[in-house]
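Notes follow the structure.
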Amino acid sequence: MRRISLITLVAAFHLLLLQPTIAAVKLPAILSSNMVLQRNTTVVVWGWADAKEKISIQASWLKELINLEADNAGNWRIEVKTTNSKEPQTIRIKSKTSDITLENVLFGEVWWCSGQSNMQQPIKGYDGQPTFGSIKATAKSDNPNLRLFTVDRVGSKTPLKDVE
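So for the sequence shown, the numbering used here puts the first residue at 12; every next one is plus one.
Here's what the structure looks like:
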């Protein structure tokens with residue numbers, strides 16, 4: 012009796028291992044709640060899922076639901092028209108296994124800044140090398156719609172799919 016139970020347990024465990032794993036839809040770090048999208052243009056929304064996974068995207072500023080399918084490698088991307096709305100918006104991305112809502116999405120001017128190591132200087136400056144007026148300017152700033160997305164410095168010999 013004990014031997015049959017052990018065989019049954021081992022067989023059940025192996026059957027569980029053979030089940031396909033269900034991967035959730037994943038978005039790159041730059042696509043998140045509180046992001047700013049360039050206004051009055053077309054932007055790309057993309058991510059990863061299971062191969063051939065059916066995905067729907069509902070952007071609150073668009074009337075139509077966008078339907079697409081991940082490719083054989085699980086990659087997906089779609090171009091979405093943006094607006095000039097001054098109100099916070101949402102983007103809902105759904106699949107069979109996922110339901111992601113990006114909230115407080117704004118439209119405006121998007122500025123990309125990159126450069127050498129001096130681009131990492133904090134607004135306040137460094138010890139012994141302050142940025143004059145920065146503390147006062149920061150304290151007086153009254154624009155809650157400014158957003159900042161910082162990409163960690165990570166070395167790689169090959170292109171990366173995502174950032175941290």
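Just so you know, even glycine gets a beta-carbon here, dropped at the ideal spot from N, CA and C.
Nonlocal neighbours in the same chain, by C-beta distance under 7 angstroms from T112, ignoring five residues either side: T101, R103
Between the stretch 120-134 and the stretch 45-56, do three or more beta carbon pairs fall short of 8 angstroms? yes
Kindly list the residues whose CB is nearer than 6 angstroms to the CB of I68, restricted to its own chain and excluding five residues on each side of it in sequence; keep chain order. I77, I104
Between the beta-carbon of K65 and the beta-carbon of K37, is there less than 8 angstroms? no
What three-state label does DSSP hand Q131 in the structure shown? helix
Three-state class that DSSP yields for T149 in the structure shown: helix
Whole angstroms are fine: how far does the CA of K172 sit from the CA of T161? 16 angstroms
In terms of alpha-carbon separation, which member of D163, P155, A150, K92 lies closest to Q131? D163
Can you tell me which residues form a DSSP beta bridge with L113? I102
Is K151 near T142, with beta carbons less than 8 angstroms apart? no
Please determine, among Y137, V91, A60, S71, the residue with the shortest C-alpha to C-alpha distance to A35. A60
Near W87, what residues of its chain come up, given a Cβ to Cβ distance below 8 angstroms and the 5 sequence neighbours on each side ignored? W57, G58, W59, A60, E64, I66, L79, E80, A81
Between the Cα of N115 and those of A40, A62, R158, V55, spot the shortest distance and give me the residue it belongs to. R158
Roughly how many whole angstroms lie between the Cα atoms of L73 and S145? 40 angstroms
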